[in-house]
Amino acid sequence: MVTIGGTGVMVLGALAAAVVAGLVALALRQRVGATTAVSVAGLLWSLVAIALVTLVPTRADVGIVPAESRSESCSWDYGGPSGAAFEVFGLDQRTLNVLLFVPAGVFLVLAVGRWWSGVVLAPLGLVALAAYSLAIELTQLQLARIDRACDVTDLVDNVLGAGTGFVLGMLLLPVLRPWRGRVTKVHG
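Counting from 1, one number per residue, gives the positions in the sequence shown under UniProt numbering.
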């Protein structure tokens with residue numbers, strides 16, 4: 001049986017996604033300016049990183065979790081028992097869940113902030129980030145083999161992180177001014 005998982009796989013996937021995101025930024029830079037290009041690429045990278053962190057098994061040796069032993073529903077125990085059980089860099093799982101979605105919220109606002117339609121697209125994007133978190137939790141519930149748990153606390157923390165990133169992005173808009181990066185075409 002071949003299993004794939006662990007932090008090494010997550011990091012390798014994030015690095016590969018960063019290379020692709022860098023190429024996307026380079027391809028978009030002339031058309032939309034550097035700030036928007038980096039923001040679009042950053043948003044795409046952060047969505048892939050979120051998927052890697054939440055959907056790749058935490059250990060390579062997890063194997064297949066029998067369907068009869070997996071949970072049949074999401075945990076509605078807000079703040080549940082796993083909050084402090086998982087720590088990285090001295091941060092608990094709840095803090096990590098919030099921080100995981102902050103970049104996506106920031107990049108979302110900066111990616112659409114160059115256009116007037118961003119006034120509508122940014123809030124819709126925030127709703128889409130909440131839906132993305134819900135989709136991840138439901139995927140964790142359905143896929144027995146990844147040994148993950150669907151938890152309402154994760155959903156709330158992820159949405160809080162996306163909202164925090166959204167506010168930070170709004171604060172960065174007047175500083176970075178992505179609308180300045182317009183490139184005019186020269187006809188010759």
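Where a beta carbon is used, it is the ideal one built from N, C-alpha and C, also for glycine.
Apart from the five residues just before and just after residue i, which ones in its own chain have a Cβ nearer than 6 Å to its Cβ?
| i | result |
| --- | --- |
| V56 | G5, V9, M10 |
| V48 | A17 |
| I136 | T54 |
| D157 | R94, N97, V98 |
| G42 | F107 |
Under a three-way DSSP split, which group does residue i fall into?
| i | result |
| --- | --- |
| D61 | coil |
| W91 | The identity of residue 91 in the sequence shown is Leu, whereas the question assumes Trp. Strand, per DSSP. |
| D157 | helix |
| S75 | strand |
| G83 | Interpretation of G83 is limited by its pLDDT of 46, a score under 50 that renders its predicted location unreliable; no figure is taken from the coordinates. |
Considering only residues of the same chain and omitting the five flanking positions on each side of residue i, which have a CB-CB separation below 7 Å?
| i | result |
| --- | --- |
| L176 | T35, L110 |
| R44 | Note on residue identity: the sequence assigns Leu, not Arg, to residue 44. So the list reads A21, V24, once near-sequence residues are dropped. |
What does the alpha-carbon distance come out to for the pair residue i and residue j?
| i | j | result |
| --- | --- | --- |
| G161 | N97 | 7 Å |
| C74 | A16 | 32 Å |
| L91 | T139 | 25 Å |
| residue 193 | L108 | No answer is possible for residue 193: it lies beyond the span of the chain, which begins at 1 and ends at 188. |
| T7 | V112 | 32 Å |
| Q142 | T95 | 25 Å |
| A104 | G118 | 15 Å |
| V159 | L172 | 20 Å |
| A128 | L100 | 15 Å |
Practice item. Report yes or no: do the segment 145-152 and the segment 166-174 share at least 3 C-beta pairs separated by less than 8 Å? Key: no
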